[in-house]
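Position one of the sequence shown corresponds to residue 33 (our numbering), numbered consecutively onward. Glycine included, every Cβ here is placed at the ideal spot set by N, Cα and C. This one's a predicted model, so the numbers in the text were calculated from it and none came from an experiment. Comments concern the structure below.
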Amino acid sequence: CQVVYAPDAMRGMGASLAVGVRTTPEATGWLVALGDMPWIAASTYEVLTRALDADDASIVAPMHRGVRGHPVGFAAHHYDALAALDG
33 CQVVYAPDAM RGMGASLAVG VRTTPEATGW LVALGDMPWI AASTYEVLTR
83 ALDADDASIV APMHRGVRGH PVGFAAHHYD ALAALDG
C-alpha cells in the first residue's frame, strides 16, 4: 500500500483519485475502493483484478442482485481520463 497526500482533496473525490492515478502511471490498472465499505470480501478484489488482467476488460465492477457495486476497476488505457478528474 502506498499512501499519497492529495493537496487538493477539498475539491472532491475526483481530485483525490486523480492524484493517486498520476502517482502510479506505470500501473496496469486501478481498483477504486471506498474506505467505508469494510464488508467487501477479499475474493471480490481478486475476481476484479483477474478480470482486468485476463480478459482485457476496460472497466469492471461486481454485481449483486442486478445492482452494480464496489470496488470498480479501470484498465490502464483510462489513465488520461482518471488523471484529469477533478471535483
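Less than 8 Å between the CB atoms is what I'm expecting for residue i and residue j, so what's the real figure, rounded?
| i | j | result |
| --- | --- | --- |
| I91 | V104 | 7 Å |
| G46 | G119 | 5 Å |
Among the options, which one has its Cα closest to the Cα of residue i?
| i | options | result |
| --- | --- | --- |
| S75 | G61, D68 and P94 | P94 |
| T81 | A50, A108 and G52 | A108 |
Express the C-alpha separation of residue j and residue i in angstroms, rounding to a whole number.
| i | j | result |
| --- | --- | --- |
| I72 | V99 | 15 Å |
| T60 | G67 | 22 Å |
| C33 | R97 | 31 Å |
| A38 | A116 | 14 Å |
| Y77 | L63 | 8 Å |
| S48 | M69 | 18 Å |
| P57 | V51 | 10 Å |
Would you mind sorting residue i into buried or exposed? The rule is 16 or more other CB atoms within 10 Å of its CB.
| i | result |
| --- | --- |
| A41 | exposed |
| V35 | exposed |
Any heavy atom of the ligand FMN closer than 6 Å to the Cβ of residue i?
| i | result |
| --- | --- |
| V36 | For the ligand FMN, the structure offers nothing, since it holds no ligand at all. |
Contact between the region 79 to 88 and the region 109 to 116 (3+ Cβ pairs under 8 Å)
no
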